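According to UniProt numbering, the sequence shown is numbered sequentially starting from 1.
A short worksheet on the structure shown next.
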Amino acid sequence: MKTLYFDCYTGISGDMILGALVDLGVDLKVLRAGLQTLGLKDYEIKSRKVKRNHLAGTKVEVKVGHSRHHHRGLADIRALIQKSKLPAAVKEKAVSVFERLGRAEARVHRIALDKVHFHEVGAVDSIIDIVGGVFALHLLEVEQVIASPINTGEGTVACEHGVLPVPAPATLELLKGTPCFSSGVPMELTTPTGAAMIGFFSEKFQGMPLMTISKMGYGAGTHQIDGQPNLLRAVLGETVTRSTDCVVLLETNIDDMNPEFYDHVMDRLFEAGALDVYFTPIFMKKNRPAVKLSVLSPPRKRDALSRILLAETSTYGVRSCEMERTVLDRKVEPVKTRFGSVKVKVGWLDGLPVHISPEYEDCRSIANKKKIPLRDVYEEALRNAKEQLKG
Numbered sequence: 001m002k003t004l005y006f007d008c009y010t011g012i013s014g015d016m017i018l019g020a021l022v023d024l025g026v027d028l029k030v031l032r033a034g035l036q037t038l039g040l041k042d043y044e045i046k047s048r049k050v051k052r053n054h055l056a057g058t059k060v061e062v063k064v065g066h067s068r069h070h071h072r073g074l075a076d077i078r079a080l081i082q083k084s085k086l087p088a089a090v091k092e093k094a095v096s097v098f099e100r101l102g103r104a105e106a107r108v109h110r111i112a113l114d115k116v117h118f119h120e121v122g123a124v125d126s127i128i129d130i131v132g133g134v135f136a137l138h139l140l141e142v143e144q145v146i147a148s149p150i151n152t153g154e155g156t157v158a159c160e161h162g163v164l165p166v167p168a169p170a171t172l173e174l175l176k177g178t179p180c181f182s183s184g185v186p187m188e189l190t191t192p193t194g195a196a197m198i199g200f201f202s203e204k205f206q207g208m209p210l211m212t213i214s215k216m217g218y219g220a221g222t223h224q225i226d227g228q229p230n231l232l233r234a235v236l237g238e239t240v241t242r243s244t245d246c247v248v249l250l251e252t253n254i255d256d257m258n259p260e261f262y263d264h265v266m267d268r269l270f271e272a273g274a275l276d277v278y279f280t281p282i283f284m285k286k287n288r289p290a291v292k293l294s295v296l297s298p299p300r301k302r303d304a305l306s307r308i309l310l311a312e313t314s315t316y317g318v319r320s321c322e323m324e325r326t327v328l329d330r331k332v333e334p335v336k337t338r339f340g341s342v343k344v345k346v347g348w349l350d351g352l353p354v355h356i357s358p359e360y361e362d363c364r365s366i367a368n369k370k371k372i373p374l375r376d377v378y379e380e381a382l383r384n385a386k387e388q389l390k391g
């Protein structure tokens, strides 16, 4: 599995993520072309090689002119992204990152989500950092992101709301459930944009996994830090999916909720990291028809997903149990068809492919673009994948 490991030993920020991914080899010209479709004006993206304590890295900077706009609401940013010509997956993930930021700001200020107005994060440079980082990950075709524990820094930071402790309140809210530490550096090492990005993309926070390393990149932070290089390291390589892993099953029985709400609940759960969500018709006491809502969760997401169930449904309690599951080794391969390239997921057992599944979104996108039946694209991708695996 193509895996990207972020080593956050001096924290993480949006521009450091972008710098590390460009240092890994993402083409800045392709990034610029995609980001231009956002319609933002009066800015320029530049990258340059810099040194931090004698180690080299890439510094990506967004130079903004006088038309800087610091106060954008979530709806403004969502519309900006959705109107762009970026790939659908990039738009969806970028909006989700901003929604994570919005919910954190809403909780910190104790206001409704639609009342949140971003200040620093709503500026052009921060929008480019976040959307550019999401686009760069898409261009790398990364299948899994893992990160180290996060170095937050300490002390204070000056921002729109005055002088605040480090981590800033929104950053701290975004880091809930994430292993963090401070190495004693008296400055802000992890920013809200960095916390929102890594919290959305990283599946685990741990030491470097067992992986075959192919390349690495270093994204430079703005500050020079005495005694250590201010760099975010991104390591790209291949990991093998374990045949077994641990998951948590969350369940609750519901017989008194508007059925229209289930779609929203499912979206919230998947957005927060659920592995699977499903509904089962059941009968409860007095033979009342009801629904059993089941959520398959990574262990570290148990509390966050339980809170969503308690807040978004009519239940008064959530059951949970840990279990072990056996999974196939999985890898996503690009397959050529006469209609275009399609990503195909292959499940391996004892070195042999036992399941081959063309990615639905790729097939649908081609079918819509070419005005042809979805089935034709899917069947050719499946047939070509089988031939490719035989070769």
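We put the beta carbon where it would ideally sit given N, CA and C, even for glycine.
It should be emphasised that the depicted structure is a prediction, and the values quoted were computed from it without experimental measurement.
Query	Result
Could you please give the first and the last residue of the uninterrupted beta strand (DSSP E) stretch that includes Ser357?	352-358
Tell me whether the stretch 14-32 and the stretch 212-223 touch, counting them as touching only if at least three CB pairs, one residue from each stretch, are closer than 8 Å.	yes
Can at least three beta-carbon pairs, one atom from the stretch 205-217 and one from the stretch 165-174, be found at a separation below 8 Å?	no
Can you give the beta carbon distance from Ser306 to Leu249, rounded, assuming they're within the 8 Å contact cut?	Ser306 to Leu249, Cβ: 12 Å. No contact.
Is DSSP giving Val26 helix, strand or coil here?	coil
Identify every run of the alpha helix (DSSP H) within the stretch 47-91, keeping only runs that are complete inside it and at least 4 residues long; order them along the chain.	74-82
Determine the DSSP secondary structure at Asn253, reduced to helix, strand or coil.	strand
Would you identify the three-state DSSP class for Met284, choosing helix, strand or coil?	strand
Over what stretch of residues does the alpha helix (DSSP H) that includes Thr171 continue unbroken?	169-174
If you count every other CB in all the chains shown that lies within 10 Å of the CB of residue 392, and 16 or more means buried, which is it?	The shown model of the chain, from 1 to 391, leaves out residue 392, and the question about it has no answer.
Taking 6 Å as the limit between beta carbons, can you name the residues of its chain near Met266, skipping five residues before and five after?	Val277
Between which two residues does the beta strand (DSSP E) harbouring Phe270 extend?	Taken as a continuous stretch (DSSP letters only), Phe270 belongs to no beta strand (DSSP E), being part of the alpha helix (DSSP H) at 261-271.
Is the beta carbon of Lys91 closer than 8 Å to that of Gln82?	yes
Rounded to whole angstroms, what's the CA-CA distance from Asn258 to Asn384? Just pull it up for me.	45 Å
How many Å lie between Ala274 and Pro298 at the Cα?	7 Å
Going by the DSSP bridge assignment, what does Phe118 pair with across the sheet?	Arg72
Quick one, which of Lys345, Val332, Leu24, Ile111 has its alpha-carbon nearest Ser357's?	Lys345
Let me check understanding here. Comparing Cα to Cα, which of Val335, Val291, Leu328, Asp329 lies closest to Ser314?	Val291
Less than 7 Å between C-beta atoms, sequence neighbours within five positions excluded: which residues of the same chain meet that for Val97?	Ile130, Val134, Ala196, Met197, Phe200
Where do the ends of the alpha helix (DSSP H) carrying Asp303 lie?	302-312
Sort out for me which residues DSSP pairs Asp15 with in a bridge.	Answer is none; Asp15 lacks a bridge partner.
Under three-state DSSP, which class holds Lys41?	coil
Please confirm if the stretch 201-209 is in contact with the stretch 2-12, defined as three or more CB-CB distances below 8 Å between the two stretches.	yes
Rounded to the nearest angstrom, what separates Pro186 and Ile225 at their Cα positions?	9 Å
Around the Cβ of Tyr9, are there at least 16 other Cβ atoms within 10 angstroms (buried) or fewer (exposed)?	buried
Can you name the start and end residues of the beta strand (DSSP E) that Ser126 belongs to?	Run containing Ser126: none in the beta strand (DSSP E); it sits in the alpha helix (DSSP H), 124-140.
Roughly how many whole angstroms lie between the Cα atoms of Asp125 and Gly57?	20 Å
Mind reading off the beta-carbon distance from Ala89 to His138? Whole number of angstroms is fine, and I expect it under 8 Å.	6 Å
Closer than 8 Å, CB to CB, is Ser183 near chain B or not?	Included in the structure is just one protein chain, with no chain B present.
Report yes if the CB atom of Ile12 is closer than 8 Å to the CB atom of Ile150, and no otherwise.	yes
CA-CA distance, Ala234 and Val354?	32 Å
Would you call Cys363 buried or exposed, if buried means 16 or more other Cβ atoms sit within 10 Å of its Cβ?	buried
Looking at Leu189: is its Cβ nearer than 8 Å to the Cβ of Val247?	no
Going by CA-CA distance only, name the one from Leu374, Gly227, Cys159 that's closest to Arg52.	Gly227
In the DSSP assignment, what residue or residues form a beta bridge with Tyr378?	In DSSP, Tyr378 forms no bridge with anything.
Output the boundary residues of the beta strand (DSSP E) element that contains Phe6.	2-7
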